[in-house]
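**Student:** One structure is given below, represented as structure tokens, and several questions about it will come after.
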Amino acid sequence: MKLKIISVIICLALICNIAGCININIPGGAPAAPPPENARAEKVVKDFISAYNKADVDVMLTYIDPAMAKGIRAAFELVGGFLGDLIGLKIDIKYLLDAMPLFAALAGPSGYAKMTIKSISSDVVDETANVYVELEVNTDGNIEKTSSIFEMEMIDGDWYIINFK
């Protein structure tokens, strides 16, 4: 019972990330042949969304700013320690992250949204990028169209998500 409640809470936290998206008008369209940096930044967003759809938080964390990812991992360790104290077991964060797809499956189809990218384009200036994404969000058969902007920064030669709205 506790595991199901925890899985629902974690899935709701993932859904809240989507619910925070605001509708915007996306200017222009994707260029026919995007420059390499545009393509690299867009691939990070595509891979992030793919990991989200698989509830693979561990992989999702590889696409966000490493400093933020470190903080999120620390929060998971804190939660894991708290839960471990409650049930009398030591919970390793790696196992908690590996269990995310299971938690999503236990929550069932309702309440866990899947995202499909309908269009993607980007603007790159020096070591920052905005990736514009038109999405369809499917929650238990209810499809909602939305737009998001993934703000990105190049860190040590790789693109990372620093914010999205």
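Residue numbering for the sequence shown follows this note's numbering, starting at 57 and increasing by one per position.
Ideal placement from N, C-alpha and C gives every residue a C-beta, glycine not left out.
By Cβ distance below 7 Å, which residues in the same chain neighbour ASP103 in space, the five residues on each side in sequence not counted?
**Tutor:** Once the five neighbours on either side are set aside, the close Cβ partners of ASP103 are TYR119.
**Student:** Let me know the secondary structure DSSP gives GLU93 once reduced to three states.
**Tutor:** The answer is helix: DSSP assigns GLU93 an H, G or I state.
**Student:** Between PHE220, ASP212, TRP215, GLY213, which lies nearest to THR202 when the distance is taken from Cα to Cα?
**Tutor:** Of the candidates PHE220, ASP212, TRP215, GLY213, the one whose C-alpha sits nearest the C-alpha of THR202 is PHE220.
**Student:** Assign GLU98 to buried or exposed, taking buried as 16 or more other Cβ atoms, counted over all protein chains shown, within 10 Å of its Cβ.
**Tutor:** The residue is buried, with at least 16 neighbouring Cβ atoms inside 10 Å.
**Student:** Do LYS170 and ASN109 have their C-beta atoms within less than 8 Å of each other?
**Tutor:** Contact flag set, yes.
**Student:** Out of PHE132, PRO122, VAL113, ASN186, state which residue places its alpha-carbon closest to the alpha-carbon of ILE205.
**Tutor:** The residue with the shortest Cα to Cα distance from ILE205 is ASN186.
**Student:** Please look up how many angstroms separate the CB atoms of MET116 and ALA107, rounded, as I've assumed it's under 8 Å.
**Tutor:** Right, their Cβ atoms sit about 5 Å apart.
**Student:** Indicate the three-state DSSP secondary structure (helix, strand or coil) for TYR216 in the structure shown.
**Tutor:** The answer is strand: DSSP assigns TYR216 an E or B state.
**Student:** Label ILE80 either buried or exposed according to how many other C-beta atoms from any shown protein chain fall within 10 Å of its C-beta, with 16 as the threshold for buried.
**Tutor:** With a pLDDT of 36 at ILE80, under the threshold of 50, the modelled position of that residue is not reliable, and the figure given next carries that caveat. Exposed: under 16 other Cβ atoms inside 10 Å.
**Student:** Within a Cβ cutoff of 6 Å, which residues of the same chain sit near THR172, ignoring the five residues on either side of it in sequence?
**Tutor:** Excluding sequence neighbours, THR172 sits near GLU192.
**Student:** Can you tell me the Cα-Cα spacing of ILE218 and PHE132, whole angstroms?
**Tutor:** When rounded, the distance between both Cα atoms is 19 Å.
**Student:** Need the endpoints of the alpha helix (DSSP H) that ASP179 sits in, please.
**Tutor:** Careful: ASP179 lies outside any alpha helix (DSSP H), inside the beta strand (DSSP E) at 170 to 181.
**Student:** Look up ILE199 in the DSSP assignment and give the residues it is bridged to.
**Tutor:** ILE199 pairs with ASN194.
**Student:** Under a Cβ-count criterion, where at least 16 other Cβ atoms within 10 Å of its own Cβ denotes burial, should VAL101 be classed as buried or exposed?
**Tutor:** With 16 or more other Cβ atoms within 10 Å, it is buried.
**Student:** Anyone know if the C-beta pair for PRO94 and VAL181 falls short of 8 Å?
**Tutor:** A small correction: the amino acid at residue 94 is Asn; Pro does not occupy that position in the sequence shown. No, the Cβ-Cβ distance between ASN94 and VAL181 is not below 8 Å.
**Student:** Looking only at its chain, what residues have a beta carbon closer than 7 Å to the beta carbon of TRP215, apart from the 5 residues adjacent to it on each side?
**Tutor:** If we look at TRP215 and ignore the five residues flanking it on each side, its Cβ neighbours are ARG96, ALA97, VAL100, ALA185, MET208.
**Student:** Could you check the C-alpha separation between ASP112 and ALA125 for me, to the nearest Å?
**Tutor:** Each residue's alpha carbon lies about 14 Å from the other.
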